[in-house]
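Under the working numbering, think of the first position of the sequence shown as 1412, with each following residue one higher.
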Amino acid sequence: MPKLNILIAASEVVPFAKTGGLADVAGALPKALRALGHDVRIVMPRYYIVDREKYGLELMDGELGVPMGVMGEMWAGVYEGRLPSTEVPIYFIDHEGYFGRSGLYDDNGEGFRDNDNRFIFFSRSVMQLAKKLQFHPDVIHANDWHTSAIPMMLNTIYAYDPAFAHTGSLLTIHNLQHQGKFYKGVMDILGIGWDHFYELEEHGGVNLLKGGITHADAISTVSSKYAQEIRTQEFGWGLEGLIDINSYKLHGILNGVDYEEWSPAVDTLIPHTFDSDDMSGKGLCKSALQQTFNVPQRAEIPLIGLVGRLVEQKGIELIATSIHRLLELDIQIVMLGAGEKWAEHYFSDIARMYPDKFGCFIGYRNDLAHQIEAGSDLFLMPSLFEPCGLNQIYSLRYGTLPIVRATGGLDDTIENYHNDGEHGTGFKFYDATPDALINTVGWAVHTWYNDRDGFVQMQRNAMSQRYDWNGAAREYESLYRRIVHGRKGE
Ligand code: ADP
Ligand code: GLC
1412 MPKLNILIAA SEVVPFAKTG GLADVAGALP KALRALGHDV RIVMPRYYIV DREKYGLELM
1472 DGELGVPMGV MGEMWAGVYE GRLPSTEVPI YFIDHEGYFG RSGLYDDNGE GFRDNDNRFI
1532 FFSRSVMQLA KKLQFHPDVI HANDWHTSAI PMMLNTIYAY DPAFAHTGSL LTIHNLQHQG
1592 KFYKGVMDIL GIGWDHFYEL EEHGGVNLLK GGITHADAIS TVSSKYAQEI RTQEFGWGLE
1652 GLIDINSYKL HGILNGVDYE EWSPAVDTLI PHTFDSDDMS GKGLCKSALQ QTFNVPQRAE
1712 IPLIGLVGRL VEQKGIELIA TSIHRLLELD IQIVMLGAGE KWAEHYFSDI ARMYPDKFGC
1772 FIGYRNDLAH QIEAGSDLFL MPSLFEPCGL NQIYSLRYGT LPIVRATGGL DDTIENYHND
1832 GEHGTGFKFY DATPDALINT VGWAVHTWYN DRDGFVQMQR NAMSQRYDWN GAAREYESLY
1892 RRIVHGRKGE
């Protein structure tokens, strides 16, 4: 099979800039594709926080001209680097006015007012860069609304450009909640022509994700369950009809995880390593974690971890309304997260009210995320929706049994406890209600105290699961080939 030229455009990539799982995916998938022999390259914005010196980024010669419709031609610098410990090239679009500020998408929760221009500029830069590099992609792989303009541009502005004569597009939806909705004047900057307005029109404005879904040769989501869910009103955020019509080109490919980063036997960020043959290190990690959060160092009490963005999606309201009843159980909970201000204050107050039972760190800390995965016995993830979710997959590897709501990737990756002492990797509930959450935590805690053999067996089951990137990359590879094949058959 011939190798493919793949250009991946993403608004965040590990380790350069990250707010959530998209960055993990955009940093790991290219590595796995490269290992399969493809020429894969990545483009992302050069945010202020991208550390040029640390990663040895070099400024390429010459500026990139980026047409911005009625705003005229603008200019971008381009830095070039490599994904750490790989040969995968990554390019950074540099524009002081658009990206030289703290925050990727917002400042303290307030979305930047020029996010439309910022990401249209970025999308157009990706196209212009491919031309400048004379890199002729077989597929441009766009991700979420930020780069949804790319499939539209490919089919319009660049439709007859020989540089893209054989280029198809894939749009991966990591989270349908965010769609890039702006006023219609954006059409004058996007440059695809007003005759295409209806393809991205919504309530008189533009919806970039809508346009991307319409124009991409294929669309994908990050789990099969989520691919089904987004065709329904409950999960479609108003786009369910459009997605349903386009379901012939919709695919679900579950994310992998990077086990070089997230394995208890090799993790350099946890105080004691361990594996399923010798779990003694896990007990030591637990005790260290209890010390970090200043709760009593008790080995026999079940410790429940929580890591994530404190936003509605993650079920934080459910946790908030259940927390007093949960803390009546003989358990400890440790939480790491940042997000909505009310939640940050609320959970900090809970920590002050229950100093022996609840520990909370508000902020973003990768090392602490690893330590929570390693030191906890259970991991709580009661999301209202979850396109894939990575933390529950990390938890499995660390023998930390996930308690999840059965939605999206959570449902696809966790096998429910069977009460037969043999099966199961976690505990699931279905209704997004405090009662369902509390009952299921209660059930997990009961198992911990009364069926220790069953609990240990589940830990073994969990630790033997593998969601590596090699498998996911092969699925993307065959999807890319379908796209190429489909384009040729036009
Ligand atoms: P989402 O992308 O919706 O936030 P995922 O589960 O896919 O959810 O990915 C979240 C990623 O971000 C994980 O790698 C997780 O460890 C990390 N993360 C989230 N919040 C924090 C935080 N406060 N500190 C450190 N890491 C965090
Ligand atoms: C999104 C989703 C999350 C998914 C991640 C990576 O942020 O919320 O479920 O794991 O993207 O695909």
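Every residue gets a Cβ at the ideal spot worked out from N, C-alpha and C, and that includes glycine.
Just so we're clear, the structure is a prediction, and the values are computed from it rather than from any experiment.
Taking 8 Å as the cut-off, the Cβ atoms of Asp1778 and Leu1680 count as close. For Val1451 against Arg1445, the beta-carbon gap comes to about 5 Å, under 8 Å, which counts as contact. Out of Ser1875, Arg1808, Val1537 and Ala1731, the CA that lies nearest to the CA of Val1477 is found in Val1537.
For Leu1619, the uninterrupted alpha helix (DSSP H) segment begins and ends at Leu1619 to His1626. Note that the C-beta distance between Lys1697 and Ala1676 is not below 8 Å. Within a 10 Å sphere around the beta-carbon of Pro1713 sit 16 or more other beta-carbons, which makes this residue buried. Looking at the DSSP output, Thr1679 shares a beta bridge with no other residue. In this structure the segment 1762-1774 does not touch the segment 1545-1557; the number of beta carbon pairs closer than 8 Å is below three. Cβ-Cβ distances below 8 Å link Glu1888 to Leu1415, Leu1444, Leu1447 and His1449 in the same chain, with the five nearest sequence neighbours on each side left out; the list follows chain order. Taking C-beta atoms under 8 Å as the contact rule, Leu1812 and Thr1836 qualify, at a distance of about 7 Å.
Pairing Gln1590 with Leu1565 gives a Cβ-Cβ distance that is not under 8 Å.
Contact between Ala1883 and Gly1667 holds, with the beta-carbon distance rounding to 4 Å and staying under 8 Å.
With distances taken between CA atoms, Glu1491 lies nearest to Tyr1502 out of Thr1497, Asp1842 and Tyr1502.
Contact between Asp1599 and Val1481 holds, with the beta-carbon distance rounding to 4 Å and staying under 8 Å. Distance between Leu1468 and Asp1669, taken at the CA atoms: about 23 Å. Linking Asn1802 to Asp1689 through their CA atoms gives a straight-line distance of about 23 Å. Within the same chain, and ignoring the five residues on either side of Met1479 in sequence, the residues whose Cβ sits closer than 8 Å to its Cβ are Met1485, Asn1528, Ile1531, Phe1532, Arg1535, Ile1600 and Gly1602.
For Glu1797, the shortest separation between its Cβ and any heavy atom of ligand 2 lies below 7 Å. Sequence-distant Cβ neighbours of Gly1750 in its own chain, meaning closer than 7 Å and more than five residues away, are Arg1720, Leu1721 and Val1722.
Residue state for Tyr1609 is assigned as helix, using DSSP reduced to three classes. If you compare the alpha carbons of Ala1780, Ala1570, Thr1578 and Val1745 with that of Gly1604, the shortest gap goes to Ala1570.
The beta carbons of Lys1595 and Gly1615 sit closer together than 8 Å. At a cut-off of 7 Å, the beta-carbon of Asp1517 does not count as near ligand 1: no heavy atom of the ligand is closer than that.
Checking the 7 Å criterion, the Cβ of Gly1882 is out of range of every heavy atom belonging to ligand 2.
Contact between the segment 1810-1830 and the segment 1783-1800 is established, with three or more Cβ pairs separated by less than 8 Å.
Ligand 1 has a heavy atom closer than 7 Å to the beta-carbon of Arg1776.
Along the length of the segment 1743-1767, whole beta strand (DSSP E) runs at least 3 residues long occupy 1743-1750, reported in chain order. Nearest in C-alpha terms to Ile1561, of all of Glu1739, Gly1432, Ser1806 and Gly1623, is Gly1623.
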